[in-house]
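Presented below is the structure to which this report refers.
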Amino acid sequence: MISATSARHAGHRELHIRGFRIHAQIRGEGEPLLMYSPIWSEAEVWQPLLPYLTGFRTIVFDPPGIGRSPTPALPVSMPVLASLGTALLDEFGIESAHVLGASFGGAVAQHMAICYPGRVRRLVLASTSFGACALPGHPAALWHIIHPGSHRGRMEQIAGDTFGGRLRTEPGLVRAIPICSPRNIPTALQNMAPLLGWTSLPWLWAIRQPTLVICGDDDPITPQLNHRIMAALIPRAQLCTIEGGGHLVLMDSPERVAPIITRFLGGGQPGEARVALSA
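Residue numbers (the working numbering): 302 to 580.
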C-alpha cells in the first residue's frame with residue numbers, strides 16, 4: 302500500500318478553448334493523466350485522490366457551467382465535452398495521456414477513447430455506465446443526485462443511501478469530499494443534456510486501449526452489472542470490483558484504490574479481480 306504524500310501546489314490556469322473559458326489545474330510530474338469528474342463536480346472533487354497518484358502529471362478541470370468555468374449560452378453535447386479533453390492536452394503540449402473518468406466523467410472518457418483513440422494511452426472507468434440502455438440506479442439515490450438542494454444541510458444523513466459503500470457506516474467521511482449539486486432545475490437540465498440519448502453500448506468494441514473498469518459492489522447509482530457488461534464488451538478491459546465499495550469509492554477510500562490505478566497505468570496488472578476495502 303502506498304501512503305499519501307504532500308501535494309504539490311496545483312498550477313491553476315484559465316484557458317480559452319473551443320469557445321469556452323475553462324478553469325484547469327495541472328500538478329505533479331510524470332506521465333500525463335487527464336481526469337473527467339462526476340456530474341456537477343468541480344476539479345476539487347479529486348483532492349482526496351490526487352495525493353495518492355504519485356508519478357503522474359494530473360490534469361483536472363471544471364467543465365462548462367461548473368465551478369469557475371462559466372455557463373455557456375447553450376447546452377453542450379457529449380462530443381463537445383470529449384473534444385475539450387483533447388483541446389486541454391493541446392494547451393499543455395501533450396500528444397496523448399492516460400484518461401480516468403468517474404461516474405458522468407466515465408461516459409465522457411469513453412467517448413474520447415472512441416473518437417480520439419490516438420490521444421488516449423490507457424483508460425480507467427470508475428463507477429460509471431454506458432448510458433442509455435444501462436441498468437438504472439436506485440430511484441432515491443438518483444433523486445438526491447439530480448435534484449437541486451436535495452442534500453443541502455443534511456448530506457451526512459443521506460450519504461449512505463445515496464452513495465453506498467463506506468458512507469453507510471462512516472457517513473462523516475463525506476465531509477472531506479467536495480460534493481456539489483446543481484443550483485437550480487434549469488442548470489441541472491443543462492448539465493445533464495450530454496447524457497440525453499447518449500450510449501456507448503454499440504461502440505464499446507471500438508475501445509482498443511487497455512482499460513480498467515472499477516466498481517463497488519454497493520453502488521446505488523451505477524449498479525455493478527453495468528460494469529460487468531462494459532468489461533465484457535471492451536476488448537482489452539479488466540474488471541476490478543471493490544468489495545464494500547460505493548459510488549464514491551475513489552474519494553472515500555483513495556488509499557485502497559489508488560495503488561490499483563497506478564499499477565495499471567504503469568503497465569502492470571491491477572491485481573485481484575475483487576479487492577476488499579477492509580483488507
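We put the CB at the ideal spot given by N, CA and C, even for glycine.
- Per the Cβ contact rule, the stretch 552 to 571 is not in contact with the stretch 430 to 446 (fewer than 3 Cβ pairs under 8 Å).
- Counting the other Cβ atoms within 10 Å of the Cβ of residue 492 gives 16 or more, which makes it buried.
- As summarised for the stretch 382 to 418, the continuous beta strand (DSSP E) elements at least 3 residues long and confined to that stretch are 398 to 403, given in chain order.
- Leaving aside the five residues that flank residue 346 on each side, the residues in its chain whose CB is nearer than 8 Å to its CB run, in chain order, 338, 339, 478, 479, 480, 481 and 552.
- In the structure shown, residue 523 adopts coil according to DSSP, grouped into three states.
- Pairing residue 427 with residue 515 gives a Cβ-Cβ distance under 8 Å.
- Residue pairing by DSSP places residue 337 opposite 402 in a beta bridge.
- Cβ atoms of residue 461 and residue 455 stay farther apart than 8 Å, at about 12 Å.
- Residue 532 is not a Cβ neighbour of residue 526, given a cutoff of 8 Å.
- Here the alpha carbons of residue 388 and residue 394 stand approximately 10 Å from one another.
- In this model, residue 360 and residue 344 are separated by some 9 Å (Cα to Cα).
- DSSP, reduced to helix, strand and coil, places residue 458 within a helical segment of the structure shown.
- Put simply, of 412, 442, 535 and 368 the residue whose alpha carbon is nearest the alpha carbon of residue 385 is 412.
- Spanning the alpha carbons of residue 335 and residue 555 requires a straight line of approximately 17 Å.
- In terms of Cβ geometry, residue 332 and residue 358 form a close pair [threshold 8 Å].
- Under DSSP, residue 314 takes part in a beta bridge, and its partners are 325.
- In the DSSP assignment, residue 486 falls within the unbroken alpha helix (DSSP H) covering 486 to 493.
- Closest in alpha carbon position to residue 313, among 363, 398 and 528, is 363.
- Here residue 362 carries a strand assignment [DSSP, helix/strand/coil].
- Taking the C-beta atoms as reference points, residue 543 is found nearer than 8 Å to residue 578.
- The criterion of a C-beta distance shorter than 8 Å is satisfied by residue 423 and residue 511.
- Shortest Cα-Cα distance from residue 506 to any of 443, 416 and 549 involves 416.
- Its Cα nearest to that of residue 405, the residue 378 stands out among 378, 399 and 396.
- Between residue 410 and residue 402, the C-beta gap is smaller than 8 Å, which places the two residues in contact.
- For the 8 Å CB-CB criterion, residue 438 and residue 495 do not form a contact.
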